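Colleague:
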Amino acid sequence: MQQLLNVEEPAAPARPGRIRLAWRALHEPAPGVSRRMRLVAYAVPFTVLPSSLWRLPEAFNEGSAPGERAYIVFLSVLSELVAFTAVGLVATWGERFPRWIPKLRGRTVPTRVAVIPAAIGSVVLTVMWTAAWAVDFAGVTLRGEPTPADFPSQAGGWEAAIYYVCYLPLLLWGPLLALATYGYHRRRNH
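Each position in the sequence shown, counted from 1, maps to that position plus 4 in the working numbering.
Right under this line is the structure:
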């Protein structure tokens, strides 16, 4: 009969794949998190991403030693992973330990366990990147020596412009993390 009427049966809803399920689990907002706070926390990894991407071509430069290549890739990946922990300040996995963590699975994350490292991190990142940019704009290194002529900020033109576009967002890393930390602390203690 169906063939005679040429009517198709509705397709069964597609089951989300593993990647989509993992994405949802990592980004599912905790109850009571405002949209603004989610945007602040989600912005943190994006402040680090340009500098991480800017470094990667150097890892595949012919003049780079294998150890230097591994270091550059490791630094870029580690920076992004550390920055992504800010998402935990607005996501459910930041309030309740995920199921894959033995002995802690499903337990509530103590507020101090998240707030203390995040607060220290926000202070360290703010001081570190502010100092790094202050000395860069002064034309010296952190050791007080003149900035080398081959340093990207000294190159001028497009190379310097791209360097600044990629590295200046790091000035926001600490303050954004501080805002997300404050929001987490306030939400968890009220």
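For every residue, glycine included, the Cβ atom is placed at its ideal position computed from N, Cα and C. Computed from a predicted model, the values in this text were never measured in an experiment.
Considering just the uninterrupted stretch of the alpha helix (DSSP H) at Leu60, what are its terminal residues?
Modeller: By 1-based counting over the sequence shown, the position of residue 60 is 56. If you look at Leu60, you'll find it in the alpha helix (DSSP H) that goes 39-63.
Colleague: DSSP has Val144 in a bridge; who is on the other side?
Modeller: Within the sequence shown, the letter at position 140 stands for residue 144. Val144 pairs with Pro150.
Colleague: Under 8 Å, Cβ to Cβ, is there at least one residue of chain D near Pro150?
Modeller: Reference to chain D is not applicable here, since this structure consists of a single protein chain.
Colleague: In whole angstroms, give me the CA-to-CA distance for Trp97 and Leu30.
Modeller: Counting from 1 along the sequence shown, the entry for residue 97 is found at position 93. Counting from 1 along the sequence shown, the entry for residue 30 is found at position 26. Rounded to whole angstroms, Trp97 to Leu30 spans 7 Å at the Cα level.
Colleague: Let me confirm a value: Glu99 is counted as buried when at least 16 other C-beta atoms fall within 10 Å, else exposed. Which label applies?
Modeller: The residue given as residue 99 occupies position 95 in the sequence shown. Glu99 should be labelled buried.
Colleague: Going by the CB atoms, is the gap between Gly125 and Leu180 shorter than 8 Å?
Modeller: In the sequence shown, residue 180 corresponds to position 176, counting from 1. In the sequence shown, residue 125 corresponds to position 121, counting from 1. No, the pair does not count as a contact, with Cβ atoms beyond the cut-off.
Colleague: Roughly how many angstroms separate the alpha carbons of Ala90 and Gly160, rounded to a whole number?
Modeller: For the purposes of this step, residue 90 is taken as the residue at position 86 of the sequence shown. For the purposes of this step, residue 160 is taken as the residue at position 156 of the sequence shown. Near 34 Å, if we compare the C-alpha coordinates of Gly160 and Ala90.
Colleague: If you draw a straight line from the C-alpha of His194 to the C-alpha of Thr115, how long is it?
Modeller: By 1-based counting over the sequence shown, the position of residue 194 is 190. By 1-based counting over the sequence shown, the position of residue 115 is 111. Going by the C-alpha atoms only, they are around 12 Å apart.
Colleague: Flag this pair as yes or no: are the beta carbons of Trp44 and Leu183 separated by less than 8 Å?
Modeller: Indexing the sequence shown from 1 puts residue 44 at position 40. Indexing the sequence shown from 1 puts residue 183 at position 179. In the sequence on display, residue 44 carries Val and not Trp. Leu183 sits close to Val44, with the two beta carbons spaced by under 8 Å.
Colleague: Runs of 3 residues minimum, wholly inside the segment 84-145: which ones carry the beta strand (DSSP E) assignment?
Modeller: none
Colleague: State the Cα-Cα distance for the pair Ser83 and Tyr46, rounded to the nearest angstrom.
Modeller: The residue you call residue 83 lines up with position 79 of the sequence shown. The residue you call residue 46 lines up with position 42 of the sequence shown. The straight-line gap from Cα to Cα measures roughly 15 Å.
Colleague: So Glu62 and Ser56 are supposed to be a Cβ contact under 8 Å. How far apart are they, rounded?
Modeller: Here residue 62 is taken as the residue at index 58 of the sequence shown, counted from 1. Here residue 56 is taken as the residue at index 52 of the sequence shown, counted from 1. Actually they do not touch by this definition, with Cβ atoms about 12 Å apart.
Colleague: With DSSP as the reference, label Pro156 as helix, strand or coil.
Modeller: In the sequence shown, counting from the first residue as 1, residue 156 sits at position 152. Looking at Pro156 - three-state DSSP - the assignment turns out to be helix.
Colleague: Measure the alpha-carbon distance for Pro54 versus Leu172 and round it to whole angstroms.
Modeller: One-based indexing of the sequence shown puts residue 54 at position 50. One-based indexing of the sequence shown puts residue 172 at position 168. Near 9 Å, if we compare the C-alpha coordinates of Leu172 and Pro54.
Colleague: Indicate whether Leu175 and Thr134 have their beta-carbon atoms separated by less than 8 Å.
Modeller: Along the sequence shown, one-based indexing puts residue 175 at 171. Along the sequence shown, one-based indexing puts residue 134 at 130. A contact, by the Cβ cut-off of 8 Å.
Colleague: Let me know the secondary structure DSSP gives Pro33 once reduced to three states.
Modeller: Walking along the sequence shown from the start, residue 33 turns up at place 29. Here Pro33 sits in strand by DSSP.
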